[in-house]
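Since the structure comes first, as structure tokens, the remarks are kept for the end.
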Amino acid sequence: MTLLFYYTLLIMFFYTIVAATSLSAFYVSHRRTFLYATLGFTFYFFDVSLVFKDNFITPDAVFEAASFYDVGHPYTSIITGGGAFLFLWLAACRYCREERPVVRFAPVALWAALSLAAYQLIENPQWREFVYYNLRAVLQLLCYALLAWWYTHSPDPERRSVMKSHRTAFFWAIGLTCGIILENVYVQLIFDPGSIPRGMWVLAERSPMENLLFICYGLAVLRGASVSLQLRARELPEGDDPLLAESIDRLLPLYSRTYDLSKREEEVLRHALMGKDNQNIASALTLSAGTVKVHMHNILKKTGHANRAELAADFWER
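So for the sequence shown, the numbering used here puts the first residue at -4; every next one is plus one.
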């Protein structure tokens, strides 16, 4: 139990760091993706902490092996788990520019209804616990399927490009989610709880694979938030930072299409966002400084900004 206690504290600490960093990124960028991620990891922090609740409410209780299959705090778990999944799904939808309310809210609402029904209608405690907790993995697989559908059927090449850049993380997430199901099959259907000491009943509700999946989610959020925080300095960034270039290349096609920038104007804007002056842009694109100046004037006019600082602020808030 001591090892489990410190393990839980460590992962809760990590989720706190993710939520705090994401909130900082939201304050400086005003991107709702970071706000949703903050709320998602806040809810998951409380979801993980539910394991400590019994120790405070019934510290002297003695649990037998049969307690291994109890669903602890089912209604609270629906709230904390539902909040975590809802806001992380909203962050994914926002990132993929999916704004339809039914797509954004229906998956989590369906999961909550099915979880409540499973808890109330399944009489066998072992199968009730198995179905109740595996519905989380089913919800995530449903969300992955929607993301794959958007990618394969989207007519927007820029949108597909944004999603394609995260394909490695996408397949890792699928693998870890399938690992959650396999873990639950063993722990909740095959494993003999009589072989472990009293007090370890919480293992049936604890999923290291799910914790690992959320750690991976958290690392992705930390990476995006750290890039956003670095790019929101008062002065335009300088140099050929790979993370900066990657972020610009991901956002620039959509921004360019929004303001109907020409291909050459898009190229000029990219170098300007990298912190280059007109002379350096001219050298990089083999143009005259005067031509670059004309392009920058047209870009500022089309986007409605007075200077490069305003232009950069508008670009990074999207």
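Where a beta carbon is used, it is the ideal one built from N, C-alpha and C, also for glycine.
Query raised in the report: Excluding the five sequence neighbours on either side, which residues of its own chain have a C-beta within less than 6 Å of the C-beta of Phe41, listed in chain order?
Result: Thr75
Report task. Taking only the alpha-carbon atoms, compute the straight-line gap between Ile145 and Phe82 and give it to the nearest angstrom. Result -> The sequence shown places Trp at residue 145, not Ile. Their backbone Cα atoms lie some 19 Å apart in a straight line.
Query - Which of helix, strand or coil DSSP assigns to Gly174 - result: helix
Query raised in the report: Quick one: what does DSSP say Glu118 is sitting in, helix, strand or coil?
Result: coil
Query raised in the report: At least one CB of chain D closer than 7 Å to the CB of Glu124: is that the case?
Result: As a matter of chain content, chain D is missing from the structure shown, which is built from one protein chain.
Query raised in the report: Roughly how many whole angstroms lie between the Cα atoms of Val103 and Tyr128?
Result: 14 Å
Query raised in the report: For Val157, does the three-state DSSP call read helix, strand or coil?
Result: helix
Requested in this report: Output the distance between the C-alpha atoms of Ile12 and Val182, rounded to the nearest integer angstrom.
Outcome: 30 Å
Report task. Sort Ala277, Leu177, Arg154 and Ala240 by Cα distance to Arg252 and report the nearest one. Result -> Arg154
Requested in this report: Within 10 angstroms of the Cβ of Tyr31, are there 16 or more other Cβ atoms? Answer buried if so, exposed if not.
Outcome: buried
Report task. Give, in chain order, every unbroken run of the alpha helix (DSSP H) that is at least 4 residues long and sits entirely within the region -4 to 83. Result -> -3 to 24, 27 to 44 and 48 to 52
Report task. Identify the continuous alpha helix (DSSP H) that holds Lys296 and give its terminal residues. Result -> Ala284 to Thr298
Requested in this report: Please say whether Pro69 and Tyr114 have beta carbons closer to each other than 7 Å?
Outcome: yes
Query raised in the report: Shortest alpha-carbon distance to Lys48 belongs to which of Thr33, Phe8 and Thr71?
Result: Thr71
Requested in this report: Could you check if Ile185 is buried or exposed, using at least 16 other CB atoms within 10 Å of its CB as the buried criterion?
Outcome: A residue is called buried once 16 or more other Cβ atoms fall within 10 Å of its Cβ, and Ile185, having fewer, is exposed.
Report task. Just confirm the distance between the C-beta atoms of Ala107 and Thr172, as a whole number of angstroms; I'd bet it's less than 8 Å. Result -> Incorrect: roughly 18 Å between the Cβ atoms, too far for contact.
Requested in this report: Have a look at Gly77, Leu34, Thr(-3) and Leu295 and flag the residue whose alpha-carbon is nearest the alpha-carbon of Leu134.
Outcome: The option with the nearest alpha carbon to Leu134 is Gly77.
Query raised in the report: If you follow the alpha helix (DSSP H) that Glu260 is part of, which residue opens it and which one closes it?
Result: Lys258 to Leu268
Query raised in the report: With a CB to CB cut of under 6 Å and the five nearest residues on each side skipped, what residues in its chain are close to Val197?
Result: Note that Val197 has pLDDT 49, beneath the 50 cutoff, so the model's placement of it is unreliable and the number below is only indicative. Here the set comprises Val46.
Query raised in the report: Between which two residues does the alpha helix (DSSP H) carrying Ala308 extend?
Result: Arg303 to Trp311
**Report entry** Cut-off 6 Å between Cβ atoms - residues of its own chain near Leu231, not counting five sequence neighbours on either side
**Finding:** Low confidence applies to Leu231: its pLDDT is 47, below 50, so where it sits in the model is not reliable enough to give any reading.
**Report entry** Own chain residues within Cβ distance below 7 Å of Gln274, not counting five before or after
**Finding:** Ala284
Report task. Quick one: measure Cβ to Cβ for Ser217 and Thr16, integer angstroms, because I've assumed they're closer than 8 Å. Result -> For the sequence presented, residue 217 should be read as Leu rather than Ser. About 6 Å separates the two Cβ atoms, so the contact holds.
Query raised in the report: Do you know how far the Cα of Thr33 is from the Cα of Ala199?
Result: The predicted model places Ala199 with a pLDDT of 49, which falls under 50 and marks its position as unreliable; any figure quoted below should be read in that light. Between the alpha carbons of Ala199 and Thr33 lies a distance of about 28 Å.
Report task. Would you mind sorting Ala101 into buried or exposed? The rule is 16 or more other CB atoms within 10 Å of its CB. Result -> So Ala101 ends up on the exposed side.
Query - Cβ shell of Thr(-3) (< 7 Å), same chain only, five flanking positions each side left out - result: none
Query - Neighbourhood of Ser110 by C-beta, 7 Å cutoff - its chain only, sequence neighbours within 5 removed - result: Once the five neighbours on either side are set aside, the close Cβ partners of Ser110 are Ile73, Tyr127 and Leu130.
Query raised in the report: What first and last residue would you give for the alpha helix (DSSP H) that runs through Ile276?
Result: Asn273 to Leu280 is the extent of the alpha helix (DSSP H) around Ile276.
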